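Novice:
There are 2 protein chains.
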Amino acid sequence: MQQLKPSNCLLGSSSIIRRQHFLIRVLGCSSNNQTHHHQSRMNSMICGSDLEADALGILRSITPALDPSRYKGQAGKIAVIGGCREYTGAPYFSAISALKIGADLSHVFCTKDAAPVIKSYSPELIVHPILEESYSVRDDEDKRSISDDVLAEVVTWMERFDCLVVGPGLGRDPFLLDCVSNIMKHARQSNVPIVIDGDGLFLVTNCLDLVSGYPLAILTPNVNEYKRLVQKVLNCEVNDEDAPQQLLSLAKGIGGVTILRKGKSDLISDGETVRSVSIYGSPRRCGGQGDILSGRQLCPYVDASVAVFVSWARQYISSGKGESAMNPTILGCIAGSALMRKAASLAFENERRSTLTGDIIECLGRR
Amino acid sequence: MQQLKPSNCLLGSSSIIRRQHFLIRVLGCSSNNQTHHHQSRMNSMICGSDLEADALGILRSITPALDPSRYKGQAGKIAVIGGCREYTGAPYFSAISALKIGADLSHVFCTKDAAPVIKSYSPELIVHPILEESYSVRDDEDKRSISDDVLAEVVTWMERFDCLVVGPGLGRDPFLLDCVSNIMKHARQSNVPIVIDGDGLFLVTNCLDLVSGYPLAILTPNVNEYKRLVQKVLNCEVNDEDAPQQLLSLAKGIGGVTILRKGKSDLISDGETVRSVSIYGSPRRCGGQGDILSGRQLCPYVDASVAVFVSWARQYISSGKGESAMNPTILGCIAGSALMRKAASLAFENERRSTLTGDIIECLGRR
Numbered sequence: 001m002q003q004l005k006p007s008n009c010l011l012g013s014s015s016i017i018r019r020q021h022f023l024i025r026v027l028g029c030s031s032n033n034q035t036h037h038h039q040s041r042m043n044s045m046i047c048g049s050d051l052e053a054d055a056l057g058i059l060r061s062i063t064p065a066l067d068p069s070r071y072k073g074q075a076g077k078i079a080v081i082g083g084c085r086e087y088t089g090a091p092y093f094s095a096i097s098a099l100k101i102g103a104d105l106s107h108v109f110c111t112k113d114a115a116p117v118i119k120s121y122s123p124e125l126i127v128h129p130i131l132e133e134s135y136s137v138r139d140d141e142d143k144r145s146i147s148d149d150v151l152a153e154v155v156t157w158m159e160r161f162d163c164l165v166v167g168p169g170l171g172r173d174p175f176l177l178d179c180v181s182n183i184m185k186h187a188r189q190s191n192v193p194i195v196i197d198g199d200g201l202f203l204v205t206n207c208l209d210l211v212s213g214y215p216l217a218i219l220t221p222n223v224n225e226y227k228r229l230v231q232k233v234l235n236c237e238v239n240d241e242d243a244p245q246q247l248l249s250l251a252k253g254i255g256g257v258t259i260l261r262k263g264k265s266d267l268i269s270d271g272e273t274v275r276s277v278s279i280y281g282s283p284r285r286c287g288g289q290g291d292i293l294s295g296r297q298l299c300p301y302v303d304a305s306v307a308v309f310v311s312w313a314r315q316y317i318s319s320g321k322g323e324s325a326m327n328p329t330i331l332g333c334i335a336g337s338a339l340m341r342k343a344a345s346l347a348f349e350n351e352r353r354s355t356l357t358g359d360i361i362e363c364l365g366r367r
Numbered sequence: 001m002q003q004l005k006p007s008n009c010l011l012g013s014s015s016i017i018r019r020q021h022f023l024i025r026v027l028g029c030s031s032n033n034q035t036h037h038h039q040s041r042m043n044s045m046i047c048g049s050d051l052e053a054d055a056l057g058i059l060r061s062i063t064p065a066l067d068p069s070r071y072k073g074q075a076g077k078i079a080v081i082g083g084c085r086e087y088t089g090a091p092y093f094s095a096i097s098a099l100k101i102g103a104d105l106s107h108v109f110c111t112k113d114a115a116p117v118i119k120s121y122s123p124e125l126i127v128h129p130i131l132e133e134s135y136s137v138r139d140d141e142d143k144r145s146i147s148d149d150v151l152a153e154v155v156t157w158m159e160r161f162d163c164l165v166v167g168p169g170l171g172r173d174p175f176l177l178d179c180v181s182n183i184m185k186h187a188r189q190s191n192v193p194i195v196i197d198g199d200g201l202f203l204v205t206n207c208l209d210l211v212s213g214y215p216l217a218i219l220t221p222n223v224n225e226y227k228r229l230v231q232k233v234l235n236c237e238v239n240d241e242d243a244p245q246q247l248l249s250l251a252k253g254i255g256g257v258t259i260l261r262k263g264k265s266d267l268i269s270d271g272e273t274v275r276s277v278s279i280y281g282s283p284r285r286c287g288g289q290g291d292i293l294s295g296r297q298l299c300p301y302v303d304a305s306v307a308v309f310v311s312w313a314r315q316y317i318s319s320g321k322g323e324s325a326m327n328p329t330i331l332g333c334i335a336g337s338a339l340m341r342k343a344a345s346l347a348f349e350n351e352r353r354s355t356l357t358g359d360i361i362e363c364l365g366r367r
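If you're matching them up, the sequences are chains A and B in order. UniProt numbering puts the first residue of the first sequence at 1, with every later residue one more than the last. UniProt numbering puts the first residue of the second sequence at 1, with every later residue one more than the last.
Here's what the structure looks like:
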């Protein structure tokens, strides 16, 4: 196994083994100031006195083994709700990321206009052209009928999904958002985790009831989306002096949903605990790609990464390996953030200023 | 030629020759416990006392030489019937696989919605937008007229095809399946082999007459599709204790069609003999990619591989090289299975958990 950073190599001694589990390859070095305890208790990983989570330890623990006894579908089935006439890139990036990370199947539910385009990006995805925007709907009766059809179509698939991602490239058409609200209500009744990003956060910020009190809702706001949430829920401005406390209050204020606040460091809270993920994003390490990447919004697709890892964390805990007190959404956010930051860092090393989202996705499976 | 596994290398001595016929490169090592007899009688390859076929020997034997005296079309012309509004990836993967394996031409017959998308995946394919789903048909008269047009269009091409693949991404629209039934009846009259996969198996399981007693029909069911066939034909549940005997009974029960049962080992029967192909799929070799790959549905495209090799096996036998008693569909299934398993294994070695179907197809022509 090759070392990424000679000074940090953890597995350098096992020079004979060249091909191992890819995530261990991906993470062939530990981050700067962390000692890796593969057998350490998960609780200490997320509840240590330091705010920084042992992201790599968590990532390694909850990633399922590539084990021949596993059967179809166990690695996760993800659905992305997004994609409209205007936006088609974001839902594609989310859905393909889920596959590259290791999900079994990745579906996209989008508008009829968006579907042929998203399909054409990759034959690997299953794309359902079912949503409609107001401009293609004639009257209220038409709306009711379409709305019913949309829900019926998604419902037939719902129980097969381990996690929904709502929002990438969704747009803000009121009728479309109404239909998506219905989908979210049904997912909630079915206890399916929902990662909410992009225009999904616009929807949720204006209708907090959709997620309030649902412990399997995960919000992944960027700076601006976070600002709107804080204003709406806490009725104040963002306070960067005490960001962890404010995030804690915000998550508690929405009834214990989990929030991943994207930034130079990603901050994660469920209203009970706060953890941060800073690895691979420090300006010291890579000349400031953290800012450049977030400036170019090259890392919005942490949503899919979180969706896959939340599915894996729930499996991990339900299989009795973890401690039942652990919150799988926190574990999933930590691991999902770490993997995406790692991929972004690798892509940036190669492409520098020319880094595109597709370059990062190519790095999701690479050392 | 480089060795893949030093202990298994068969052709390691011919170190000078770096570029050879691609299939020989692909198969630069023999499987674990097989001795390669390039000149051995084909009968011993498929009728040995061991269930395991000499898949690599058969593959090498029936693959036509890259001979400059051969003319265009001799390497096979394949048509895939599949692709609807919802599914476009599966027919693309099948059709492009046929070309990568070595067919001369690969056509796709799909719905009008699916055609632009499938065309956009690759300019290498010939895509015919002729099928229709119920939602785009007005009344019974419309149906009759469309159904006639569809058949007329396919019939003009039929005699040029060496094999049809029916089912990848076909969907289950009743009107569309009616049209496809007519195509199958015509192919049968014309003595064109038909490989049936995916939704084609749904159609055939509900209408066994379409294939019953047709020796050039090849069914390639996965676990669930096999289960439905067994229930329908044998009126019992799948018996994994005596899988070969049950497969034999099933193939005989459908009047001597050939069935390739996909699984950790692929099992093949025509109602007279049963053979298995296990190479490249053992968890020992690649950490369990057999299950994982089938779990991620990364190997459904054995249908195209079988189609190409059945065409080649028929040529091989009709040219007098083989023995006339051999069943070309059995030979084609064995070789098609071996090649696809090899490609999947190579892709998995490189991409591990991130392996996508496209990665496997890229390996169809690689060592």
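Just so you know, even glycine gets a beta-carbon here, dropped at the ideal spot from N, CA and C. Computed from a predicted structure; not experimentally measured.
Identify the continuous alpha helix (DSSP H) that holds residue 165 of chain B and give its terminal residues.
Specialist: The residue you call residue 165 of chain B lines up with position 165 of the second sequence. Segment 163-166 is the beta strand (DSSP E) holding residue 165 of chain B; no alpha helix (DSSP H) there.
Novice: Measuring only between beta-carbons, confirm whether residue 356 of chain B sits less than 9 Å from chain A.
Specialist: Taking the second sequence and counting its residues from 1, the one referred to as residue 356 of chain B is at position 356. Output row for residue 356 of chain B: interface = yes.
Novice: For residue 103 of chain A versus residue 338 of chain A, is the C-beta spacing smaller than 9 Å?
Specialist: Position 103 of the first sequence, counting from 1, holds the residue named residue 103 of chain A. Position 338 of the first sequence, counting from 1, holds the residue named residue 338 of chain A. Taking 9 Å as the Cβ cut-off, residue 103 of chain A and residue 338 of chain A do not qualify as a contacting pair.
Novice: Skipping 5 residues on each side, what residues in its chain have a beta carbon closer than 7 Å to that of residue 160 of chain B?
Specialist: Indexing the second sequence from 1 puts residue 160 of chain B at position 160. So the qualifying residues of the chain are 77.
Novice: Near residue 155 of chain B, which residues of its chain fall below 7 Å by C-beta distance, leaving aside the five closest residues on each side in sequence?
Specialist: In the second sequence, the residue the question calls residue 155 of chain B occupies position 155. Same-chain partners within the cutoff: 186.
Novice: For residue 277 of chain B, tell me which candidate among B:271, B:270, B:260 has the shortest Cα-Cα distance.
Specialist: Within the second sequence, the letter at position 277 stands for residue 277 of chain B. Per the Cα distances, B:260.
Novice: For the beta strand (DSSP E) that residue 129 of chain B lies in, which residues bound it at each end?
Specialist: Taking the second sequence and counting its residues from 1, one reaches residue 129 of chain B at position 129. Counting along the chain, the beta strand (DSSP E) containing residue 129 of chain B begins and ends at 126-131.
Novice: So which residues of chain A does residue 120 of chain B contact, with C-beta pairs closer than 7 Å?
Specialist: The sequence position of residue 120 of chain B within the second sequence is 120, counting from 1. Chain A residues near residue 120 of chain B: 120.
Novice: What residue from B:82, B:92, B:136, B:312 has the CA that sits closest to residue 110 of chain B's CA?
Specialist: In the second sequence, counting from the first residue as 1, residue 110 of chain B sits at position 110. Closest by alpha carbon: B:82.
Novice: How about residue 93 of chain B: is its C-beta nearer than 9 Å to some C-beta of chain A?
Specialist: Position 93 of the second sequence, counted from the start, is the residue given in the question as residue 93 of chain B. Residue 93 of chain B counts as touching chain A.
Novice: If residue 164 of chain A and residue 194 of chain A are in contact, beta carbons under 8 Å, what's the gap, nearest whole angstrom?
Specialist: In the first sequence, counting from the first residue as 1, residue 164 of chain A sits at position 164. In the first sequence, counting from the first residue as 1, residue 194 of chain A sits at position 194. At roughly 5 Å, the Cβ-Cβ gap stays under 8 Å, so residue 164 of chain A and residue 194 of chain A are in contact.
Novice: To the nearest angstrom, how far is the alpha carbon of residue 13 of chain B from that of residue 56 of chain B?
Specialist: Taking the first residue of the second sequence as position 1, residue 13 of chain B is located at position 13. Taking the first residue of the second sequence as position 1, residue 56 of chain B is located at position 56. Only weak support is given to the placement of residue 13 of chain B: the predicted model assigns it a pLDDT of 32, under 50, and the question is left unresolved by the model.
Novice: Does residue 352 of chain B come out as helix, strand or coil in the three-state DSSP assignment?
Specialist: Within the second sequence, numbered from 1, the residue matching residue 352 of chain B stands at position 352. Here residue 352 of chain B sits in helix by DSSP.
Novice: Extract the residue ranges of the alpha helix (DSSP H) inside the segment 56-122 of chain A, only unbroken runs of 4 or more that lie entirely within it.
Specialist: For the segment 56-122 of chain A, whole alpha helix (DSSP H) runs of length 4 or above, ordered along the chain, are 89-101, 114-121.
Novice: Cβ of residue 80 of chain B within 9 Å of Cβ of residue 107 of chain B?
Specialist: Taking the first residue of the second sequence as 1, we reach residue 80 of chain B at position 80. Taking the first residue of the second sequence as 1, we reach residue 107 of chain B at position 107. It is a contact, given that the beta carbons lie within the stated cut-off.
Novice: Taking C-beta to C-beta, are residue 122 of chain A and residue 198 of chain B nearer than 9 Å?
Specialist: By one-based count along the first sequence, residue 122 of chain A stands at place 122. By one-based count along the second sequence, residue 198 of chain B stands at place 198. Not in contact: residue 122 of chain A and residue 198 of chain B (Cβ atoms no closer than 9 Å).
Novice: What do you reckon, is the C-beta of residue 188 of chain B under 8 Å from a heavy atom of the ligand GTP?
Specialist: Ligands displayed in this structure: none; no statement on the ligand GTP is therefore possible.
Novice: Just to confirm the assignment, what range does the alpha helix (DSSP H) spanning residue 149 of chain A have?
Specialist: Reading the first sequence from its first residue, position 149 is the one you call residue 149 of chain A. Note, residue 149 of chain A: alpha helix (DSSP H), 140-158.
Novice: CB-CB under 6 Å to residue 129 of chain A, same chain, minus the five flanking residues each way: which ones, in chain order?
Specialist: The residue you call residue 129 of chain A lines up with position 129 of the first sequence. If we look at residue 129 of chain A and ignore the five residues flanking it on each side, its Cβ neighbours are 112, 115.
Novice: Give a yes or no on whether the C-beta atoms belonging to residue 247 of chain A and residue 267 of chain A are separated by under 9 Å.
Specialist: Position 247 of the first sequence, counted from the first residue, corresponds to residue 247 of chain A. Position 267 of the first sequence, counted from the first residue, corresponds to residue 267 of chain A. A contact, by the Cβ cut-off of 9 Å.
Novice: Note down, in chain order, every chain D residue with its Cβ under 8 Å from the Cβ of residue 128 of chain A.
Specialist: The displayed structure is made up of protein chains A and B, and chain D is not among them.
Novice: Helix, strand or coil: which one does DSSP assign to residue 242 of chain B?
Specialist: Within the second sequence, numbered from 1, the residue matching residue 242 of chain B stands at position 242. Note: residue 242 of chain B maps to coil in three-state DSSP.
Novice: Which chain A residues sit within Cβ distance under 8 Å of residue 132 of chain B?
Specialist: Taking the first residue of the second sequence as 1, we reach residue 132 of chain B at position 132. Those do not exist, as residue 132 of chain B stays about 16 Å from chain A at its closest Cβ, beyond 8 Å.
Novice: Kindly say whether residue 100 of chain A, judged by its beta-carbon, lies nearer than 9 Å to any beta-carbon of chain B.
Specialist: For the purposes of this step, residue 100 of chain A is taken as the residue at position 100 of the first sequence. By this cut-off, residue 100 of chain A is an interface position.
Novice: In three-state terms, what does DSSP make of residue 225 of chain A?
Specialist: To locate residue 225 of chain A, count along the first sequence from 1; it is residue 225. Three-state DSSP puts residue 225 of chain A in a helix.
Novice: Throw me the rounded Cβ distance for the residue 201 of chain B and residue 219 of chain B pair, which I believe falls under 8 Å.
Specialist: Here residue 201 of chain B refers to the residue found at position 201 when the second sequence is read from its first residue. Here residue 219 of chain B refers to the residue found at position 219 when the second sequence is read from its first residue. So it is a contact: roughly 6 Å between Cβ atoms.
Novice: Nearest by alpha-carbon distance to residue 168 of chain A: which of A:105, A:221, A:257 is it?
Specialist: On the first sequence, residue 168 of chain A is found 168 positions in, with the first residue counted as 1. Checking every option, the nearest Cα to that of residue 168 of chain A belongs to A:221.
Novice: What in chain A is Cβ-close to residue 124 of chain B, meaning under 7 Å?
Specialist: Your numbering for residue 124 of chain B matches position 124 in the second sequence. In chain order: nothing, as chain A lies at least about 13 Å away.
Novice: By the DSSP assignment, the beta strand (DSSP E) with residue 274 of chain B in it spans what residues?
Specialist: Here residue 274 of chain B is taken as the residue at index 274 of the second sequence, counted from 1. Where residue 274 of chain B is concerned, the enclosing beta strand (DSSP E) stretches over 274-277.
Novice: Nearest CA to the CA of residue 182 of chain A: which residue from A:147, A:214, A:191?
Specialist: Taking the first residue of the first sequence as position 1, residue 182 of chain A is located at position 182. It is A:147.
Novice: Using the C-alpha atoms, what's the distance from residue 279 of chain B back to residue 54 of chain B?
Specialist: What you label residue 54 of chain B is simply residue 54 of the second sequence in a count that begins at 1. What you label residue 279 of chain B is simply residue 279 of the second sequence in a count that begins at 1. Distance between the alpha carbons of residue 54 of chain B and residue 279 of chain B is about 10 Å.
Novice: Pull up the distance between the alpha-carbon of residue 228 of chain B and that of residue 205 of chain B, whole angstroms please.
Specialist: For this step, residue 228 of chain B is matched to residue 228 along the second sequence. For this step, residue 205 of chain B is matched to residue 205 along the second sequence. Each residue's alpha carbon lies about 7 Å from the other.
Novice: What residue does the beta strand (DSSP E) around residue 195 of chain A start on, and which one ends it?
Specialist: Position 195 of the first sequence, counted from the start, is the residue given in the question as residue 195 of chain A. First-last of the beta strand (DSSP E) with residue 195 of chain A: 194-196.
Novice: Do residue 406 of chain B and residue 203 of chain B have their CB atoms nearer than 9 Å?
Specialist: Because residue 406 of chain B is not part of the residues shown, which for chain B are 1 to 367, the question remains open.
Novice: I need the DSSP call for residue 247 of chain A, collapsed to helix, strand or coil.
Specialist: As a first step, residue 247 of chain A is located in the first sequence; it is residue number 247 there, counting from the start. If DSSP states are grouped into helix, strand and coil, residue 247 of chain A belongs with the helices.
Novice: Can you name the residues that DSSP bridges to residue 237 of chain A?
Specialist: Here the question's residue 237 of chain A lines up with position 237 in the first sequence. None, per the DSSP bridge assignment.
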